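J.: Counted from 1, the sequence shown has number 41 at position 42 by numbering that gives the first Met the number 0; the numbering is strictly sequential.
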Amino acid sequence: MPKPFPNIRVMRDIKAREGFAGAEIARRAYLYVARNQALPAQVRYQAQLQLNTFDRYTRPTSVVNRCTETGRGRGVISEFGLCRYQFRLKARAGELPGVKKASW
């Protein structure tokens, strides 16, 4: 069965991951400067202004684990990127390498 087009939630999660990865170093540097009490207030203020100019998808909290098949945000098995229901379906169909049903 061909894979359907990606869910909009999955596309948003991919965009958030790429945005965070691209701006992580600069964002951490500005955070360090903004929170450093030893620096003058004007320098810390400028660093805070620079932090405010970043896109919303550069925040680490915008990255959410989602199922790559359905876009579901709960019950996601991170190693496979699937929710538990999709994981079960794919495991039973033998589409996941190294995964098999437990025997009694």
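All C-beta atoms, glycine included, are put in the ideal place defined by N, C-alpha and C.
Computed from a predicted model, the values in this text were never measured in an experiment.
1) Given 8 angstroms as the limit, is there contact between the stretch 26–41 and the stretch 67–77, that is, 3 or more CB pairs closer than that?
2) Please state whether DSSP places L88 in a helix, a strand or coil.
3) Report all residues from its chain with a CB closer than 6 angstroms to the CB of R83; omit the five preceding and five following residues, and keep chain order.
4) Which same chain residues end up closer than 8 angstroms to V62 when comparing Cβ atoms and leaving out the 5 residues on each side of it in sequence?
5) Less than 8 angstroms between the CB atoms is what I'm expecting for V9 and R43, so what's the real figure, rounded?
6) Starting from the N-terminal side, write out each stretch of the alpha helix (DSSP H) that is 4 residues or longer and does not extend beyond the stretch 2–46.
7) By the 10 Å Cβ neighbour count, where 16 or more other Cβ atoms means buried, how is A46 classified, buried or exposed?
8) Opposite C66 in the DSSP bridges: which residues?
T.: In brief:
1) no
2) Taking the sequence shown and counting its residues from 1, the one referred to as residue 88 is at position 89. Three-state result, L88: helix.
3) Locating residue 83 in the sequence shown gives position 84, counting from the first residue. Answer for R83: G74, listed in chain order.
4) Within the sequence shown, numbered from 1, the residue matching residue 62 stands at position 63. Correct list, in chain order: D12, A15, R16, F19.
5) The sequence position of residue 9 within the sequence shown is 10, counting from 1. The sequence position of residue 43 within the sequence shown is 44, counting from 1. About 38 angstroms; that fails the 8 angstroms criterion.
6) 7–34
7) Indexing the sequence shown from 1 puts residue 46 at position 47. When all chains shown are included, A46 counts as buried.
8) For the purposes of this step, residue 66 is taken as the residue at position 67 of the sequence shown. None, per the DSSP bridge assignment.
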